[in-house]
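Q:
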Amino acid sequence: MAQRLAHVPVGWRPTQLLVRLRRFACPHCRRVWRQDTSALAQPRARLTRSAVEWGLRALALDSMSISRVARTLELSWHTANTTILASAQVALLDDPHRFDGVEVLGVDDSPARFAPMREVPPLCGATPGGATSTPAVIIDLTPVRDATGPARLLDPGPYPADGWSLFIGLCELLWKD
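Residues 3 to 179, numbered by the working numbering, are exactly what the sequence shown covers, in order.
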């Protein structure tokens, strides 16, 4: 049995892995099982784990749209969107302790006022033009007040511009690497 998986593009050309799944059979108990490929990809996935990470980086750091990521990986838009954003959701929003230690909140509206159009993140659900193209962000000012470091961006959780919070959290996650 063989399975095709989208993998990280090589030179911006789509790469497909043809994974042959070996089947094993026990002649004594007549049980049959397949080779474990969970290190390569999620069960029933169409993308390798490396391709999902590449898609997350492309969205957050390269400001690529989901449609361009899907085209580069030779996937449908729905498949790329579902897989990549589900991975971002798990990595960013499922942390119940993301607000631990926050004592002072602030709002930074400079992204809304000063961002050029080319810097509008693809996930924010922004409409083109003017100061409404990028929403304001919520920041933790506790380190500034305590003189222990700079302010940090916070993810306030699901709200109408949920894509923006995913984008900001993903950028923080990837920039730490």
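Ideal placement from N, C-alpha and C gives every residue a C-beta, glycine not left out.
Note that the coordinates shown come from a computational prediction; the quantities given were computed from them, not determined experimentally.
Buried or exposed for Asp-142, going by 16 or more other Cβ atoms inside 10 Å?
A: The residue in question, Asp-142, is buried, as its Cβ has 16 or more Cβ neighbours within 10 Å.
Q: Going by C-alpha to C-alpha distance, which of Leu-49, Leu-63 and Arg-32 sits closest to Asn-83?
A: Of the listed residues, the one whose Cα sits closest to Asn-83 is Leu-49.
Q: Give me the residue from Ser-78, Ala-27 and Gln-18 with the minimum Cα distance to Leu-42.
A: The shortest Cα separation from Leu-42 among Ser-78, Ala-27 and Gln-18 belongs to Gln-18.
Q: For Met-119, does the count of other Cβ atoms within 10 angstroms reach 16, so buried, or fall short, so exposed?
A: For Met-119, the predicted structure reports a pLDDT of 49, less than 50, and the residue's modelled location is therefore unreliable. A value from the coordinates is still provided. Met-119 comes out exposed.
Q: Decide if His-9 is buried, meaning its Cβ has at least 16 other Cβ atoms within 10 Å, or exposed.
A: Answer is buried; the Cβ neighbour count reaches 16.
Q: Please classify Leu-107 as buried or exposed, where buried requires at least 16 other C-beta atoms within 10 Å of its C-beta.
A: Flag for Leu-107 reads exposed.
Q: What residue range is occupied by the uninterrupted beta strand (DSSP E) comprising Val-104?
A: Element bounds for Val-104: n/a, residue is neither H nor E.
Q: Tell me whether the beta-carbon of Leu-23 lies closer than 8 angstroms to the beta-carbon of Met-3.
A: It is a contact, given that the beta carbons lie within the stated cut-off.
Q: Can you have a look at Val-34 and say buried or exposed, based on whether 16 or more other CB atoms are within 10 angstroms of its CB?
A: Val-34 should be labelled exposed.
Q: Which value, in whole angstroms, describes the spacing of the CA atoms of Thr-150 and Thr-144?
A: Straight-line Cα distance between these residues: approximately 8 angstroms.
Q: Please state the DSSP three-state secondary structure of Pro-145.
A: Pro-145: helix per DSSP, three-state reduction.
Q: The alpha helix (DSSP H) spanning Ala-60 covers which residue range?
A: Per DSSP, Ala-60 belongs to the alpha helix (DSSP H) from 51-62.
Q: Run the CB neighbour count on Gly-13, radius 10 Å, all protein chains shown included, and call it buried at 16 or more, exposed below.
A: Result: exposed.
Q: Which first and last residues belong to the alpha helix (DSSP H) in which His-80 is found?
A: 79-94 is the span of the alpha helix (DSSP H), which, as asked, contains His-80.
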